[in-house]
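Accompanying notes for the structure given below.
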Amino acid sequence: MAAAQEELLWHLEEKARRIRIDIIRMLAEAGSGHPGGSLSGVEIVTALFFHVLRLRPEEPEWPERDRFILSKGHAAPLLYAALAERGFFPREELLTLRKLGSRLQGHPVRNKAPGVEASTGSLGQGLSVGLGIALAGRLDRRDYRVYVLLGDGESEEGQVWEAAMAAAHYRAGNLTAILDFNGLQIDGRIQEVMSPLPLPDKWEAFGWAVREVDGHDFRELLEAFEWAKGVHDRPSMIIARTVKGKGVSFMEDVADWHGKAPSREQAEQALGELSGV
Amino acid sequence: MNILNLENREMIATREAYGRVLVELGKRYRDLVVLDADLSKSTKTSEFAKHYPERFFNMGIAEQNLMGTAAGFALAGKIPCASTFAVFAVGRAFDQVRNSIAYPALNVKIVASHAGITVGEDGASHQSVEDISLMRSLPNMTVIVPADATETARAVEAAVEYRGPVYIRLGRPAVPVLFGADYEFRIGRAAVLREGEDAVIFATGIMVYESLKAAVLLAEEGTETAVVNVSTIKPLDEQTVINWARKAGAVVTAEEHSIYGGLGSAVAEVLGENCPVPLERVGIRDRFGESGSPDKLLEAFGLTAPHIAQAVRRVRGRRAAGVR
Chain B
1 MAAAQEELLW HLEEKARRIR IDIIRMLAEA GSGHPGGSLS GVEIVTALFF
51 HVLRLRPEEP EWPERDRFIL SKGHAAPLLY AALAERGFFP REELLTLRKL
101 GSRLQGHPVR NKAPGVEAST GSLGQGLSVG LGIALAGRLD RRDYRVYVLL
151 GDGESEEGQV WEAAMAAAHY RAGNLTAILD FNGLQIDGRI QEVMSPLPLP
201 DKWEAFGWAV REVDGHDFRE LLEAFEWAKG VHDRPSMIIA RTVKGKGVSF
251 MEDVADWHGK APSREQAEQA LGELSGV
Chain E
1 MNILNLENRE MIATREAYGR VLVELGKRYR DLVVLDADLS KSTKTSEFAK
51 HYPERFFNMG IAEQNLMGTA AGFALAGKIP CASTFAVFAV GRAFDQVRNS
101 IAYPALNVKI VASHAGITVG EDGASHQSVE DISLMRSLPN MTVIVPADAT
151 ETARAVEAAV EYRGPVYIRL GRPAVPVLFG ADYEFRIGRA AVLREGEDAV
201 IFATGIMVYE SLKAAVLLAE EGTETAVVNV STIKPLDEQT VINWARKAGA
251 VVTAEEHSIY GGLGSAVAEV LGENCPVPLE RVGIRDRFGE SGSPDKLLEA
301 FGLTAPHIAQ AVRRVRGRRA AGVR
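Chains as they are written, first to last, in full-length UniProt numbering: chain B, 1 to 277; chain E, 1 to 324.
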C-alpha cells in the first residue's frame, strides 16, 4: 500500500513537471497569456486530472463523468496542458494557444476544445455554473461530482458569494471548490488591492465545509479530495495555499508575472529549471 | 389574417400566460427546470413551483448566480427557464448572460417579465427600455416579444422545443388577447395581421394592439395600413419586412422600448441595406421611464394608437414629398 502511494506521488510529480513545461512552452510560443496563476494551480489540477476525476478522454461528453470547471479562466494554459496530457487532444496542439483559428482560445470555451466544460474568463462565474451542474446531477440521480477552481483575487467578485450562499442553501454535497490561494492579483497583494480575507472563516460562515492544505503538496491535496467526497450534506471548499509562478525562480510570488509571457531567453531559463538542468 | 373587432377583448397579462403554460410544459418536458430570483409570485413561476417543487429553484435576490446556475443546468442536459424582471435579467446579469450562456450557446430560456414602462408606478429603476437592444446584440441569442397571452404560450413552447439561448420579453399589466386557439407561432416569422398598401406598421409586444387600433383610425381617413406583428426581433423576418416596405413604401415601427437598438433599429438596418423607404420610429425617445399608471405612461411617452397614426401620416407626407 505504502509503495503504491509512493508510486502515485511520483507519477503525479512527473505529470506536474510536464504540465509546467508545457505551460511555459505554450506561453512563450503565444507571446502572451498568464503564467503566474497557471503555475500556482499545477498540483491542484494535476491531482484532479490524474487521480481524482472520473473521466473518459475518448468520450468527453460521457454523462457520468466528473466535471471540472476552471473559474479562473485566465489559467487556461494549465487546463489545456492537463487535458492534452490526459489525452483529450494532441499535445502538439498546445502550441496553437491564442492563435487565430485555434480551439485553444485565450480563455476556455465550451464546445471548442474537448474536455472544456464551461466558458470562463469573466471572473466569478464558474461556481454558479458548477452549482447548476451539481443540482442537475442530483435531480437525475447521477453520482458525478463537480469541481470548481477559483482564484483568491476572483473571490472579490460578488457573484462568487451569491453562488456560495446558494450552494449551501441547496446543500450541494456533490460540489467541491478549490481556492488557488496564491495571495496575488494583477495590481499586487490581495490584502493591498481588495482583501477577501479571512477566506476560511468566510466560506465556513457561508455554510461550507472547509479544509486548508498546502496546494503544492500532493499528499495533502489527495487527502483533502478524499475528505471532500465524504462531505454529503453541504458543499466543500479546499483552500490551497500556493505560490504564484511556482517552479520558475524569477516568477515566484511576483505579481508582475500574472499576465505576461516570458521572452525566449526567460522561457529557456524557466524550462532549464523545470527540467532540472 | 384580419383582426376586425378590437373592442371587448379578454384581458390577460403575458406573464400570467407564461405561468400557465409552464405548468403544462412541465408535464411534457421532464427536463424542464425553472429558476427565479425571489419574484416568482410576480413572474408567475410560482405556478410551476406548486406543481413541480423538485424542479423549481428559487435562487434568491442574486441574478448573476441565477443566470450562471441556469447555464450549469443546461450543460447537464436540462432545459432551464430563468425568470426575473427584465431590468435585472438583462441589466444586472448581462455579463453572465453574455459569457456563461450566449457565448457557449447554451440551451437556457430567459423569460423576463415587467419589461417596458407599463411596469407603471415603480418607476424607471424597474422599467426596462433597453433589454431588446442588449439581447439583440448578443450572438446566438434569439429574441422574442409576444403580443398577447396566446402568443406568449406558443412562444414559450417553441422556445422550449428550440435548442439554444432564447430571450422572451413579457409585461406586467393585463393586455387584450388578440389571437385565438388556432394561432400559429414560428420563431423568426413575422405575421401580417392586417393588409393595406398605403403604409405598413411593424409592431411588437403590446404595441401590436395599439397599431391595429391606429390602422382603424387611419382607415376612417381612407388610408389602408398594413400591420405586421414582429414577435421575433432576432432573427428578424427580413423578407417579410422588405416585401411589405416595398409594397407600402412608407414604414412605421412601434415598440414599448427605446428607439435605439430595438425593433425600430432592426427594421432601419434592413431597410437601409435593402430598400430605403421613409421610416418613422414610435418608441421611447432616449429617456428613462417614470412613475405613473401604465395607461398614463403610454400616453405621456407617445405610445398609443393616435401617436402611431400620427407617425403614419408623417411618414406618408415624407413619402409624398419625395423625402427619404
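Backbone N, C-alpha and C fix where the C-beta goes; we use that ideal spot for every residue, glycine too. Note that the structure is predicted; figures quoted are calculated from it, not measured.
- The DSSP-derived three-state label of Ser-40/E is helix.
- The beta-carbon distance between Val-315/E and Val-252/E, rounded to whole angstroms, is 6 Å. This is short enough to meet the 8 Å contact definition.
- For Ser-265/E, the enclosing alpha helix (DSSP H) starts and ends at 263-274.
- Excluding residues up to 5 positions away in sequence, Val-90 and Phe-94 lie with their Cβ nearer than 7 Å to the Cβ of Leu-134/E in the same chain.
- Fully contained in the segment 199-229 of chain B are the following beta strand (DSSP E) runs of length 3 or more, in chain order: 209-214.
- At a cut-off of 8 Å between C-beta atoms, Met-59/E counts as an interface residue with respect to chain B.
- Judged by pairs of C-beta atoms under 8 Å, the segment 125-135 of chain B touches the segment 58-76 of chain E, as three or more such pairs exist.
- In the three-state reduction of the DSSP assignment, Lys-78/E falls in the coil class.
- Chain E has a Cβ within less than 8 Å of the Cβ of Leu-139/B.
- For Ala-203/E, none of the residues of chain B pass the 8 Å Cβ criterion, the least Cβ distance being about 36 Å.
- The beta carbon of Gly-130/B sits closer than 8 Å to some beta carbon of chain E.
- Residue Ala-309/E holds the alpha-carbon nearest to the alpha-carbon of Leu-212/E among Thr-14/E, Ala-309/E, Tyr-183/E and Pro-80/E.
- For Ile-206/E, the three-state secondary structure derived from DSSP is coil.
- Under the three-state reduction of DSSP output, Asp-180/B falls in the strand class.
- Distance from the CA atom of Phe-288/E to the CA atom of Val-145/E, rounded to whole angstroms, is 20 Å.
- In the structure shown, Gln-310/E adopts helical secondary structure according to DSSP, grouped into three states.
- Taking a Cβ-Cβ threshold of 7 Å, the residues of chain E close to Arg-110/B are Pro-104, in chain order.
- Taking a contact to require three or more Cβ pairs closer than 8 Å, the segment 186-203 of chain E and the segment 231-239 of chain E qualify as touching.
- For Gly-151/B, no alpha helix (DSSP H) encloses it; the enclosing beta strand (DSSP E) starts and ends at 146-151.
- From the beta-carbon of Glu-54/E, the residues of chain B found nearer than 9 Å are Leu-139.
- Inter-residue distance for Leu-221/B and Ile-44/B is about 7 Å (C-alpha atoms, whole angstroms).
- Under the 10 Å beta carbon count, Gly-121/B is surrounded by 16 or more other beta carbons and is classified as buried.
- The residues Ala-226, in chain order, have a CB closer than 6 Å to that of Glu-195/E in the same chain once the five nearest residues on each side in sequence are set aside.
- Contacts with chain E (Cβ-Cβ distance below 8 Å) from the segment 154-166 of chain B involve Gly-158, Gln-159, Glu-162, Ala-163, Met-165 and Ala-166, listed in chain order.
- Here DSSP, grouped into helix, strand and coil, assigns Gln-159/B to helix.
- When DSSP reads this structure, Gln-191/B sits in no beta bridge, so it has no partner.
- Excluding its 5 nearest sequence neighbours in each direction, Arg-55/E has C-beta neighbours in its own chain below 6 Å: Val-33, listed in chain order.
- Interface flag for Ala-62/E against chain B is set, since a Cβ pair is found closer than 8 Å.
- Taking 8 Å as the cut-off, the Cβ atoms of Lys-72/B and Gly-37/B count as close.
- Of all alpha-carbon atoms in Gly-77/E, Ile-117/E and Phe-73/E, the one lying nearest the alpha-carbon of Lys-296/E is that of Ile-117/E.
- Fewer than three pairs of CB atoms, one per stretch, sit closer than 8 Å, so the segment 9-24 of chain B makes no contact with the segment 109-124 of chain B.
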